[in-house]
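Contents: one structure, followed by commentary.
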Amino acid sequence: MILLHLLAIIIYFESVILYSSSLKHSSSNWLIAARVVTFCGAAVHFAAIGSYCRHTGLSPYASGFGTLSVASWIIVVTYLPVEILFKMKALGDTAVPAAMTILCMGMFKAQ
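Those letters in the sequence shown? Residues -2 to 108, by our numbering.
Spelled out as C-alpha cells, the structure:
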C-alpha cells in the first residue's frame, strides 16, 4: 500500500525532471515523455488509492492520509487535460511538484 504511494512519488519526481527539461529544450519529445510518465504516475497513484481502500476497508476520505492522497491525484488528473488542451507547458512543472508535496504531507501525516 505505502510502496505504491512511494512508487507514485518517484514517478512524479521523474516527471518533474522531464517537464523541467522540456522547458529548457525546444524539442517536443521531452514534453511528450513528461506527459506519458505523468499519466503512468497517475495510474500507479490510482492503484495505490484503491489498494489503501481495500486494505483498510475505509473510504479514502476517512483519514487525513487518504484525503491528501486523493487531493494529490485530483490535481494531476485535472491538470493533464488542461495542459494538453491549452498547450501550457509550464503547468506541469508547477502542478506535479504541488501534487508530490501534498502526497508527501499525507504520508508524513500517516506516521
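Glycine included, C-beta positions come from ideal geometry on N, C-alpha and C. Computed from a predicted structure; not experimentally measured.
Assigned exposure category for residue i - 16 Cβ within 10 Å defines buried
i	result
S66	buried
A87	exposed
I72	buried
S19	buried
L113	As displayed, the chain neither begins before -2 nor continues past 108, which places residue 113 out of reach and without an answer.
Beta carbon of residue i nearer than 8 Å to that of residue j
i	j	result
Y9	G89	no
A40	S12	no
V68	I99	As written in the sequence, residue 68 is Ala, which differs from the Val given in the question. Going by C-beta atoms, A68 is nearer than 8 Å to I99.
M104	F62	yes
A92	G38	no
F36	L77	yes
Residue of the options minimising C-alpha distance to residue i
i	options	result
L0	L28, A45, I14 and S24	A45
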